[in-house]
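Have a look at the structure below before the remarks.
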Amino acid sequence: MFSDTQGITPTHVPYNVFSQGLIDTSTGRIQFMFGAAAGVIGHIQAGRMQALAVVAPERLPSLPDVPTMKELGYDKVDMLGWTAIVAKAGTDPAILETLSKQIGDILATADAQAYFSQIGDKAAQGVSAPDFSEFFNAEASRWTEYVRSKGISIQ
Numbered sequence: 377m378f379s380d381t382q383g384i385t386p387t388h389v390p391y392n393v394f395s396q397g398l399i400d401t402s403t404g405r406i407q408f409m410f411g412a413a414a415g416v417i418g419h420i421q422a423g424r425m426q427a428l429a430v431v432a433p434e435r436l437p438s439l440p441d442v443p444t445m446k447e448l449g450y451d452k453v454d455m456l457g458w459t460a461i462v463a464k465a466g467t468d469p470a471i472l473e474t475l476s477k478q479i480g481d482i483l484a485t486a487d488a489q490a491y492f493s494q495i496g497d498k499a500a501q502g503v504s505a506p507d508f509s510e511f512f513n514a515e516a517s518r519w520t521e522y523v524r525s526k527g528i529s530i531q
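Numbering (the working numbering) for the sequence shown: 377 to 531.
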């Protein structure tokens with residue numbers, strides 16, 4: 377998406393492990409990479425890497441001086457990452473509801489919020505299973521269309 381907005385074609389370097397990309401970026405072997413905040417924030421804070429922008433709707437509390445892509449004029453670069461806790465298909469809805477409530481309660485604690493903030497992330501709260509399913513299906517559809525439109529294949 378970033379390349380599309382800039383009319384550039386950077387060389388894609390597929391890594392088997394994310395940490396090799398971190399090493400190659402911090403040593404200057406490659407010029408830039410996109411990475412999840414949790415994976416790069418320690419390198420940024422240690423001065424081994426410099427954050428140019430965050431791909432999030434708002435600035436991260438852990439990197440308050442780093443602008444968002446939107447602030448820099450890249451409105452169409454929308455690649456916010458997310459993580460989910462899932463259960464086996466067909467799990468009893470009552471169990472899912474109990475798990476959802478308990479996980480939500482944990483994520484709402486000050487300790488959890490502080491932890492996620494420290495690693496440059498944000499803990500979502502109050503996301504029901506139906507709401508997450510709707511979000512997931514929309515994301516899957518969006519990315520499937522994008523991958524097809526670009527002719528991207530598995531490497």
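The beta-carbon is built from N, C-alpha and C at its ideal position, and this holds for glycine as well.
With respect to histidine 388, serine 402 sits apart: the two C-beta atoms are not nearer than 8 Å. When the five nearest sequence neighbours on each side are left out, the beta carbons in the same chain lying within less than 7 Å of the beta carbon of serine 493 are those of Pro437 and Ser438, in order along the chain. Going by beta carbons, isoleucine 495 and isoleucine 417 fall inside the 8 Å limit. Note that the C-beta distance between glycine 423 and phenylalanine 394 is not below 8 Å. Straight-line measurement puts the Cα of serine 529 at about 20 Å from the Cα of aspartate 454. Here the alpha carbon of alanine 500 sits roughly 16 Å from the alpha carbon of glutamate 515. Boundaries of the alpha helix (DSSP H) harbouring glycine 418: 413 to 421, taken from the DSSP string.
Taking 8 Å as the upper bound for CB-CB distance, alanine 413 and aspartate 497 are in contact here, some 6 Å apart.
Glycine 457 sits exposed, since fewer than 16 C-beta atoms from the chains shown fall within 10 Å of its C-beta.
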